[in-house]
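My numbering puts the first residue of the sequence shown at 23, with every later residue one more than the last.
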Amino acid sequence: MPERPLRILFVSAEVVPFAKVGGLADVAGALPKALHRLGHDVRVAMPRYGRIDPDRFGLKTVLPDLAVPMDTITEHVAIQETRIASEVPIYMVDSPRYFNRENIYGYNDDGERFILFCRATLEMLKVFNWAPDIIHCNDWHTAIIPNWLATIYRQEPLFRETATVYTIHNLAYQGIFGYRILEIAGVAEQGFLYPAIAELANVVDLMGRGILFADAITTVSPRYAQEILTPEYGERLDHLLRERQDRLFGILNGIDVDEFNPATDRYIHTQFDVESLDKRVENKLALQEQMHLVVNPAIPLVGMISRLTDQKGFDLLASILQPLVEQDIQFVLLGTGDQHYHEIFQNFAARYPRQASVSLTFNAELAQRIYAGCDIFLMPSRFEPCGLGQMIAMRYGAIPVVRSTGGLADTVHEYDPATDSGEGFAFTRYDPWALFAAVVRALEVYRFKDVWRRLMEHDMLLDHSWTASAEQYVAVYHKALAFRRGDRQ
Ligand code: ADP
Numbered sequence: 023m024p025e026r027p028l029r030i031l032f033v034s035a036e037v038v039p040f041a042k043v044g045g046l047a048d049v050a051g052a053l054p055k056a057l058h059r060l061g062h063d064v065r066v067a068m069p070r071y072g073r074i075d076p077d078r079f080g081l082k083t084v085l086p087d088l089a090v091p092m093d094t095i096t097e098h099v100a101i102q103e104t105r106i107a108s109e110v111p112i113y114m115v116d117s118p119r120y121f122n123r124e125n126i127y128g129y130n131d132d133g134e135r136f137i138l139f140c141r142a143t144l145e146m147l148k149v150f151n152w153a154p155d156i157i158h159c160n161d162w163h164t165a166i167i168p169n170w171l172a173t174i175y176r177q178e179p180l181f182r183e184t185a186t187v188y189t190i191h192n193l194a195y196q197g198i199f200g201y202r203i204l205e206i207a208g209v210a211e212q213g214f215l216y217p218a219i220a221e222l223a224n225v226v227d228l229m230g231r232g233i234l235f236a237d238a239i240t241t242v243s244p245r246y247a248q249e250i251l252t253p254e255y256g257e258r259l260d261h262l263l264r265e266r267q268d269r270l271f272g273i274l275n276g277i278d279v280d281e282f283n284p285a286t287d288r289y290i291h292t293q294f295d296v297e298s299l300d301k302r303v304e305n306k307l308a309l310q311e312q313m314h315l316v317v318n319p320a321i322p323l324v325g326m327i328s329r330l331t332d333q334k335g336f337d338l339l340a341s342i343l344q345p346l347v348e349q350d351i352q353f354v355l356l357g358t359g360d361q362h363y364h365e366i367f368q369n370f371a372a373r374y375p376r377q378a379s380v381s382l383t384f385n386a387e388l389a390q391r392i393y394a395g396c397d398i399f400l401m402p403s404r405f406e407p408c409g410l411g412q413m414i415a416m417r418y419g420a421i422p423v424v425r426s427t428g429g430l431a432d433t434v435h436e437y438d439p440a441t442d443s444g445e446g447f448a449f450t451r452y453d454p455w456a457l458f459a460a461v462v463r464a465l466e467v468y469r470f471k472d473v474w475r476r477l478m479e480h481d482m483l484l485d486h487s488w489t490a491s492a493e494q495y496v497a498v499y500h501k502a503l504a505f506r507r508g509d510r511q
C-alpha cells in the first residue's frame, strides 16, 4: 500500500537563502524541497530577522496580529509568508523587538527570543487550523517544542496525532540557560530535569529537553549517531542519549548538487565533468597563478577550506607543516577562525610564498576554485557531525584525506588500488603522524596518473544529493508516528 503524503512542519532558526550561520541553514533550505519532491506537504517556520529583505523575497503578511503567551504576559507578533523555489511555504515569525537586530545569535535574551519563536509557531498552526503529522525541530533553538507537546499542549486537539522529530546538527551547542527560561516557557513546574547529572543539575539544557521529549531523534550521520553515545563525543549528554538510543537515527546530509556542479559552476576557470576531465587541470593552473604559486601541473596541490578551529584538526596540521612542504607539494588554505591559527598559517605562507598560500577570509568564489583546482582535500577533524567539504570536494574531483570520524567516516573510506574500492585516504588516531602518513599514501597513488584518474572519476560519480536522505527522513517520520502511538497506549 503506498504511504499517504505527510504534513510536515520544519522548524529552524536558520534557512538558506534567508539567513545562514552554519550547516543547519543548508539543511533547512534543501531538505524541505527534497521532501516536497517526494510528494509531502512540507512547510517551514523561521524567525523574520530584520535583515531579511522583504522585497527581494516577496514577503506577505498573512497574520497581522497573533497573540503569544510568554510567562504572565502576551506578546504580539505577525506572520509573514514566502516560498522556497516557489513551492515550499515559509512562515516567518515577525517580532521586531526580538529579531530586528544585527545578528542572528549572540544576545543575552537568546533563550527568550527562540522560546517566543517556537510558541508563536505553534499558536500560528492553531489559527491556520493546520495539523502537522510531524513537527521536525532542529538544534537547541527549537528543542522546547517536543517538551511542550508532552506538557502544556498535550490536550490540544490540533496536535492529537502530531509526532515530533528532533535533529542534532552539532551537539556542542546546547542552549543552556537558568531557571527563568522555564517560567517564560510555561513549564516551570517540571523544574530541572537531571538532578543526577552534576553539571546539569541546576541548569536548563534545551538540547537535552529535545532529546528527552522528542518521539524520534536524528543526527546528521550514522557514525556521529554512534559516537555521541560515548563520553568522548557526548558533550555530557551521552548518558541521556544512551537512554534514548532506540529512538536515535543517523542520516547523512546531502549537498545541493545543482549549486555544487563543476559542469555549470560560474566561479571556476574552466567548467568540466567526468566526461571532460582533461579540462580540470586548467583550474589547477589558474589557482596556482592566482595564489602566486609555482605554475606546474605536476606538483600535487593540497587544499583546505574550513573554519580555523580546534574541531577541524588544525593542531595536527600545524605540527607537520615542515615535513609536508618537504614532500614537494603545494598547499592552499582558505578559512577564518582562531587568531592563534591565523598567525601560524600566515607565518607559514610568508616563509614559503611559492609553495603555500593562506587566505584568511570567507570567500565562496575562491572556495569553488579551490575545490575545482586542488588534487587533494584535507579534513583531519577531531569530530565532524557530517561535513560538507569532503562531499563537495569529491564532486569536483578533489580526493579527500580525512580523519575517520562522524560523517567523514561514513563518506570516505581508504582507497584500495587492488580492488578499486574506497573514496580517499583516511586515518583514525588523532595524531599528526597519522595525518602525515595518510597524505603520503595519497601522494604515492597520485604518482600513478591512470589510477588517480579512476579514483577521481569514481568520486565524481557518487550520489550525495538530498533525495536519498529525504527518503530516510520519511522513514524516521513514520517511526516517530509509531512511537507516538505506542507511548500513548
Ligand atoms: P562546518 O559546518 O562545521 O563549518 P562543513 O564541512 O559541514 O563544516 O561545512 C563548511 C562549509 O563552509 C563548506 O561548504 C565549506 O566550503 C564552506 N566554508 C568554510 N570556510 C569557508 C571560507 N572561509 N570561505 C568560503 N567557504 C567556506
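Cβ atoms here follow ideal geometry from the backbone N, Cα and C, with glycine treated the same way.
| Asked | Found |
| --- | --- |
| Assigned exposure category for residue 356 - 16 Cβ within 10 Å defines buried | buried |
| Pair within 7 Å by beta-carbon distance, residue 115 and residue 54 | no |
| Heavy atom of the ligand HEM within 6 Å of residue 384 beta-carbon | This structure does not include the ligand HEM; its bound ligands are the ligand ADP. |
| Any non-hydrogen atom of the ligand ADP within 6 Å of residue 389 CB | yes |
| Inter-residue CB distance, residue 180 and residue 210 (contact presumed, cutoff 8 Å) | About 24 Å separates the two Cβ atoms, so there is no contact after all. |
| The segment 279 to 295 / the segment 359 to 368 touching (three or more Cβ pairs under 8 Å) | no |
| Residue 380, buried or exposed, once every other Cβ within 10 Å from all chains shown has been counted against 16 | buried |
| Sub-7 Å separation of residue 121 and residue 70 beta-carbons | yes |
| DSSP-derived helix/strand/coil call for residue 492 | helix |
| Complete runs of the alpha helix (DSSP H) confined to the segment 376 to 449 [at least 4 residues] | 386 to 395, 411 to 417 and 428 to 433 |
| Simplified DSSP state of residue 188, which is helix, strand or coil | strand |
| Alpha carbon of residue 172 to alpha carbon of residue 385, nearest angstrom | 44 Å |
| Per-residue burial, residue 471 [other beta carbons within 10 Å of its own, 16 or more giving buried] | exposed |
| Closest residue to residue 236 among 249, 275 and 160 (Cα-Cα distance) | 160 |
| Residue 417 beta carbon near the ligand ADP (any heavy atom closer than 6 Å) | no |
| Which listed residue (178, 123 and 76) has its alpha carbon closest to that of residue 101 | 76 |
| Nonlocal neighbours in the same chain, by C-beta distance under 6 Å from residue 311, ignoring five residues either side | 317 |
| 8 Å CB neighbourhood of residue 480 in its chain, flanking five on each side removed | 442 and 445 |
| Contact belief for residue 477 with residue 421 at Cβ below 8 Å, rounded distance in angstroms | 6 Å |
| Cβ-based neighbour list, residue 404, same chain, cut-off 8 Å, excluding 5 preceding and 5 following | 332, 333, 334, 335, 425, 427 and 452 |
| C-beta contact flag for residue 419 and residue 302 at 7 Å | yes |
| Nearest to residue 348 (by Cα), restricted to the options 234, 399, 461 and 93 | 461 |
| Range of the contiguous beta strand (DSSP E) that encloses residue 110 | 110 to 116 |
| Residue 410 CB to nearest heavy atom of the ligand ADP below 6 Å | yes |
| Cβ separation of residue 304 and residue 292, assumed to be a contact under 8 Å, to the nearest whole Å | 4 Å |
| C-beta atoms of residue 157 and residue 31 nearer than 7 Å | yes |
| Beta-carbon proximity check, residue 258 vs residue 233, cutoff 7 Å | no |
| Contact set for residue 113: own chain, Cβ-Cβ below 8 Å, skip 5 residues either direction | 65, 66, 67, 68, 84, 101, 102, 103, 143 and 146 |
| Simplified DSSP assignment, three categories, for residue 505 | helix |
| Assumed close pair residue 162, residue 195 - CB separation to whole angstroms, cut-off 8 Å | 6 Å |
| Rounded distance between the beta-carbons of residue 395 and residue 306, thought under 8 Å | 4 Å |
| Neighbourhood of residue 99 by C-beta distance below 7 Å, restricted to the same chain and skipping five residues each side | 88, 90, 115, 116, 117 and 142 |
| Residue 466 to residue 447 span [Cα, whole Å] | 11 Å |
| CB of residue 203 within 7 Å of CB of residue 133, strictly | yes |
| Separation of residue 59 from residue 376, as counted between CA atoms | 48 Å |
| Where the alpha helix (DSSP H) containing residue 229 begins and where it ends | 228 to 235 |
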